[in-house]
Amino acid sequence: MLRIKFILSVYKSWTSVIRCCKIASARKTKEGDGTPWQFVGLLPLFGPPRHDSVETICRALNLGANVKMITGDQLAIVKETGRRLGMGTNMYPYASFLGQDKDASIAALPME
């Protein structure tokens, strides 16, 4: 029951976490390579966008720019960052553009 409560608490706080590292441990012995790696826990990292990002995006939109975010981050991270920047969470993985005219595809993406 404690494990379930822990998992639920992690899940509820996940929306405020931008990145998360997995922590594992292994013991090295004199006789050999040591024990197999064992999962220890998760280390949430919070790396919000710059303090002026929202203002900069709003200014660009007001000037008629079509603002897009292109990144190599995982989709969950991109969606959370987009939410924080007021850009919505309707994001697309890069793989969805493979084999297409990427410039035209990106220009055609809906704005939220």
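Residue numbers (the numbering used here): -1 to 110.
Each residue gets a CB set at the ideal place from its N, CA and C atoms; glycine is no exception.
A quick note: this is a predicted structure, and the numbers were derived from the prediction, not measured.
- The C-beta distance from residue 55 to residue 84 rounds to 7 Å, short enough to fall under 8 Å.
- By the neighbour-count criterion, in which 16 or more other beta carbons inside 10 Å mark a residue as buried, residue 78 falls on the buried side.
- Secondary structure note for residue 74: its alpha helix (DSSP H) is the uninterrupted segment 73 to 82.
- Across the set 74, 88, 82 and 21, the C-alpha of 82 shows the shortest separation from the C-alpha of residue 48.
- Cβ-Cβ distances below 8 Å link residue 35 to 22, 23 and 24 in the same chain, with the five nearest sequence neighbours on each side left out; the list follows chain order.
- Setting aside the 5 residues that flank it on each side, residue 51 is surrounded in the same chain by 83, each with a C-beta closer than 6 Å to its C-beta; the list follows chain order.
- Here residue 38 is exposed. Its C-beta has fewer than 16 other C-beta atoms within 10 Å.
- Residue 67 sits exposed, since fewer than 16 C-beta atoms from the chains shown fall within 10 Å of its C-beta.
- Beta-bridge pairing by DSSP links residue 21 to 39.
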